[in-house]
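Numbering (the working numbering), first residue to last: 60 to 695. From the three backbone atoms N, C-alpha and C, an ideal C-beta is built for every residue, glycine too. Here the structure is a predicted model, which is why all the values come from computation and not from measurement.
(1) Give the secondary structure of residue 250 by DSSP, where H, G and I count as helix, E and B as strand, and everything else as coil.
(2) Short check: CB of residue 185 to CB of residue 302, under 8 Å?
(3) Taking a contact to mean a Cβ-Cβ separation below 8 Å, would you say residue 338 touches residue 104 in this structure?
(4) In its own chain, which residues sit with a C-beta less than 6 Å from the C-beta of residue 139, not counting the 5 before and 5 after it?
(5) Give the straight-line distance between the Cα atoms of residue 203 and residue 295, rounded to the nearest whole angstrom.
(6) Taking just the CA atoms, how far does residue 594 sit from residue 554?
(7) Which parts of the region 313 to 363 are runs of the beta strand (DSSP E), unbroken and 3 residues or longer, counting only runs that do not cross its ends?
(8) Going straight from the alpha carbon of residue 168 to that of residue 175, what length do you get?
(9) Can you tell me whether residue 681 is buried or exposed? The criterion is at least 16 other CB atoms within 10 Å of its CB, across all chains shown.
(10) Can you give me the Cβ contacts of residue 547 inside the same chain, cut-off strictly under 8 Å, excluding the 5 residues immediately before and after it?
(11) Roughly how far, in whole angstroms, is the beta-carbon of residue 533 from the beta-carbon of residue 592, given that I think they are within contact range, below 8 Å?
(12) Pick out whichever of 596, 180, 209 and 545 has its Cα sitting closest to the Cα of residue 282.
(13) How big is the Cα-Cα spacing for residue 582 and residue 513?
(14) Residue 320: which of 503, 148, 253 and 259 sits nearest, CA to CA?
(15) Could you tell me the boundaries of the alpha helix (DSSP H) in which residue 276 lies?
(16) Mind the definition here: the region 111 to 131 touches the region 320 to 335 only if three or more C-beta pairs lie below 8 Å; say whether that holds.
(17) Mind reading off the beta-carbon distance from residue 121 to residue 99? Whole number of angstroms is fine, and I expect it under 8 Å.
(18) How many Å lie between residue 219 and residue 278 at the Cα?
(19) Measure the Cβ-Cβ separation of residue 229 and residue 197 and say whether it is below 8 Å.
(20) Name the residue from 379, 151, 224 and 475 whose alpha carbon lies nearest to the alpha carbon of residue 171.
(21) What is the DSSP secondary structure of residue 215, counted as helix, strand or coil?
(22) Alpha carbon to alpha carbon, how far is residue 84 from residue 382?
(23) Taking a contact to mean a Cβ-Cβ separation below 8 Å, would you say residue 238 touches residue 289 in this structure?
(24) Any idea what DSSP makes of residue 388, helix, strand or coil?
(25) How far does the alpha helix (DSSP H) with residue 155 in it reach, from first residue to last?
(26) Just how far apart, CA to CA, sit residue 408 and residue 369?
(27) Are residue 265 and residue 236 close, meaning C-beta to C-beta below 8 Å?
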């Protein structure tokens with residue numbers, strides 16, 4: 060027992076509390092986990108019950124869709140019926156993932172098997188019902204053909220003749236036909252076995268009566284057609300019965316599978332209720348066990364913690380009472396290493412240190428009394444120095460005030476210089492913009508001059524071409540003149556017969572001469588145009604060179620203005636910086652002036668403090684005596 064106490068005494072108090080609270084927290088968490096597990100199990104059971112209820116609802120939906128299909132027999136309700144079966148299959152497939160117990164898995168397997176069988180029977184039933192409904196549509200058609208044949212035969216009978224017996228037999232056939240249609244319709248719309256026999260008998264009665272009276276018809280073809288249609292009517296009826304029986308059989312088997320599925324879901328619901336009761340019982344037992352363990356552990360932990368804490372605290376209280384009464388002589392060796400043991404150790408150390416401090420205080424009080432007198436003398440010297448400092452500070456304050464005024468003037472001038480620089484910079488930027496515009500216009504002028512020079516060169520080439528054409532025309536005119544002259548000579552030789560031709564030749568020669576003269580004049584004009592074009596081209600070359608030079612010079616001027624604008628901007632920035640610096644210097648000078656005034660005020664306060672220090676020195680001597688009296692109250 061003593062070793063256990065020593066062991067607990069060496070464990071830190073924080074660890075003790077941590078261990079105790081950790082145990083309680085662990086048990087609480089364990090209890091909470093048990094409760095949460097129980098709730099989770101109940102939640103899972105509830106979800107599984109909901110899943111089973113959903114499966115049951117889907118099964119009921121399948122049954123309802125089957126009944127709806129049996130009322131209409133259309134493709135839409137058939138699709139809804141199959142779709143509801145597929146939804147049930149999907150739900151059962153999904154349920155197999157979270158129903159994991161062997162018995163639940165067995166139930167799910169049975170349900171899946173029943174659903175698969177139900178789907179197969181439903182497909183078969185739909186197939187036979189579809190075939191049956193197709194046959195149903197054939198009965199009115201075949202009956203209409205038979206009726207038409209009989210009415211045709213009836214219409215050809217002459218009542219006034221000796222064919223009255225034949226008419227009666229045809230009327231009997233029509234009556235039997237109506238009875239057959241009535242009985243067949245009665246069967247194909249209620250599907251009862253009671254109506255099947257009358258319908259079959261009516262068909263056989265009509266067929267037998269028709270065969271026994273084959274001589275009634277006008278032709279063999281009519282009799283054969285009637286036999287064929289009647290045989291088709293009878294075979295369709297038999298196929299209808301087979302399809303109806305197979306559809307009914309498959310639907311009954313599907314209903315048995317659905318009943319089996321509903322029985323499985325009912326068993327699963329009952330089994331889930333049993334599991335829920337077992338889960339609740341297990342959770343309750345676990346919760347009760349954990350609560351009892353938590354209570355017992357809490358009591359044991361509380362007792363151990365209390366014993367390991369209360370006794371050391373009482374010892375600390377006893378030591379504090381002795382120290383508060385002034386007894387500093389108590390001392391004890393502490394073996395505990397927890398927080399309370401550390402407190403006891405420090406309390407004894409504090410008493411020892413306090414004892415040493417009291418002894419030191421006693422010696423120090425005597426020294427304070429001696430130093431108080433020396434402090435009074437020093438305080439007097441400090442007061443005299445403070446008065447001298449105040450006088451010097453007043454002089455410095457006056458000088459700083461004058462310097463602040465000078466700095467203010469400098470700041471004002473710097474601001475004006477900055478404004479002038481700003482205007483100059485704006486003018487420089489404006490000039491640069493105008494120079495850029497001039498450069499653009501001169502470049503455009505140079506471009507136009509270049510185009511004019513090219514045009515003049517083209518004009519010169521065209522004039523040369525015209526000259527060459529005129530040379531050809533002149534040669535043609537000369538040749539024409541020679542030909543006209545030859546023609547005139549030949550006409551003169553011809554005498555009177557060639558007189559008319561001579562007149563024409565004279566006119567042609569005259570025209571050739573005028574053409575030659577005009578050509579020479581045009582050549583002269585072309586030569587003059589060519590010379591003028593060369594002069595204009597030379598002038599345009601000079602203008603283009605001058606424009607190119609002007610562009611270069613204007614760009615240089617723009618660059619110079621840009622550099623000048625940048626320089627002015629730099630000057631503007633420096634002037635602004637000078638103005639800001641001057642303002643800051645003015646503010647600093649004012650701050651220094653205020654600080655000097657504050658120093659003067661502090662000097663006055665220092666002088667006043669020196670007076671107070673002298674008084675405090677006297678009071679300090681008195682308090683040192685009082686301190687000595689208080690120290691004597693302690694027992695060391």
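On the basis of the coordinates in this document:
(1) For this step, residue 250 is matched to residue 191 along the chain shown. Three-state DSSP puts residue 250 in coil, outside helix and strand.
(2) Position 126 of the chain shown, counting from 1, holds the residue named residue 185. Position 243 of the chain shown, counting from 1, holds the residue named residue 302. The answer is no: Cβ separation not under 8 Å.
(3) Reading the chain shown from its first residue, position 279 is the one you call residue 338. Reading the chain shown from its first residue, position 45 is the one you call residue 104. Yes, Cβ-Cβ distance for residue 338 and residue 104 is below 8 Å.
(4) Numbered from 1 along the chain shown, position 80 holds the residue referred to as residue 139. The beta carbon of residue 139 is closer than 6 Å to those of 124 in its chain, skipping five residues each way along the sequence.
(5) Here residue 203 is taken as the residue at index 144 of the chain shown, counted from 1. Here residue 295 is taken as the residue at index 236 of the chain shown, counted from 1. Take the alpha-carbon of residue 203 and the one of residue 295: they are about 15 Å apart.
(6) Position 495 of the chain shown holds residue 554. Position 535 of the chain shown holds residue 594. Their backbone Cα atoms lie some 58 Å apart in a straight line.
(7) Scanning the region 313 to 363 for uninterrupted beta strand (DSSP E) segments of 3 residues or longer gives nothing; none is fully contained.
(8) Taking the chain shown and counting its residues from 1, the one referred to as residue 168 is at position 109. Taking the chain shown and counting its residues from 1, the one referred to as residue 175 is at position 116. The straight-line gap from Cα to Cα measures roughly 10 Å.
(9) The residue given as residue 681 occupies position 622 in the chain shown. Here residue 681 is exposed. Its C-beta has fewer than 16 other C-beta atoms within 10 Å.
(10) Taking the chain shown and counting its residues from 1, one reaches residue 547 at position 488. Cβ neighbours of residue 547 beyond the five flanking positions: 561, 564, 565 and 568.
(11) Stepping through the chain shown from its first residue, residue 533 is reached at position 474. Stepping through the chain shown from its first residue, residue 592 is reached at position 533. Not a contact, Cβ separation roughly 22 Å.
(12) In the chain shown, counting from the first residue as 1, residue 282 sits at position 223. Per the Cα distances, 209.
(13) Stepping through the chain shown from its first residue, residue 582 is reached at position 523. Stepping through the chain shown from its first residue, residue 513 is reached at position 454. One alpha carbon belongs to residue 582, the other to residue 513, and they sit about 23 Å apart.
(14) For the purposes of this step, residue 320 is taken as the residue at position 261 of the chain shown. Nearest of 503, 148, 253 and 259 to residue 320, Cα basis: 148.
(15) Residue numbering aside, residue 276 sits at position 217 when the chain shown is read from its first letter. Note, residue 276: premise wrong, no alpha helix (DSSP H); not H, not E.
(16) Taking a cut-off of 8 Å on C-beta distances, the region 111 to 131 touches the region 320 to 335, as three or more cross pairs fall below it.
(17) One-based indexing of the chain shown puts residue 121 at position 62. One-based indexing of the chain shown puts residue 99 at position 40. Not a contact, Cβ separation roughly 33 Å.
(18) Locating residue 219 in the chain shown gives position 160, where the first residue counts as 1. Locating residue 278 in the chain shown gives position 219, where the first residue counts as 1. Because the pLDDT at residue 219 is just 46, under 50, the model does not fix this residue reliably, and the point stays unresolved.
(19) Start at 1 with the first residue of the chain shown, and residue 229 comes out as number 170. Start at 1 with the first residue of the chain shown, and residue 197 comes out as number 138. One thing to note: residue 229 has its Cβ no nearer than 8 Å to the Cβ of residue 197.
(20) By 1-based counting over the chain shown, the position of residue 171 is 112. That would be 151, whose Cα lies nearest to the Cα of residue 171.
(21) Here residue 215 refers to the residue found at position 156 of the chain shown. Secondary structure of residue 215 (DSSP, three-state): coil.
(22) Start at 1 with the first residue of the chain shown, and residue 84 comes out as number 25. Start at 1 with the first residue of the chain shown, and residue 382 comes out as number 323. Taking the straight line joining both Cα atoms gives about 40 Å.
(23) Within the chain shown, the letter at position 179 stands for residue 238. Within the chain shown, the letter at position 230 stands for residue 289. With respect to residue 289, residue 238 sits apart: the two C-beta atoms are not nearer than 8 Å.
(24) Here the question's residue 388 lines up with position 329 in the chain shown. Note: residue 388 maps to coil in three-state DSSP.
(25) Working through the chain shown from its first residue, we reach residue 155 at position 96. Careful: residue 155 lies outside any alpha helix (DSSP H) and carries neither H nor E.
(26) Along the chain shown, read from residue 1 onward, the residue named residue 408 stands at position 349. Along the chain shown, read from residue 1 onward, the residue named residue 369 stands at position 310. Rounded to the nearest angstrom, the two C-alpha atoms are 21 Å apart.
(27) Locating residue 265 in the chain shown gives position 206, counting from the first residue. Locating residue 236 in the chain shown gives position 177, counting from the first residue. Yes; because the gap between Cβ atoms is below 8 Å, this pair is in contact.
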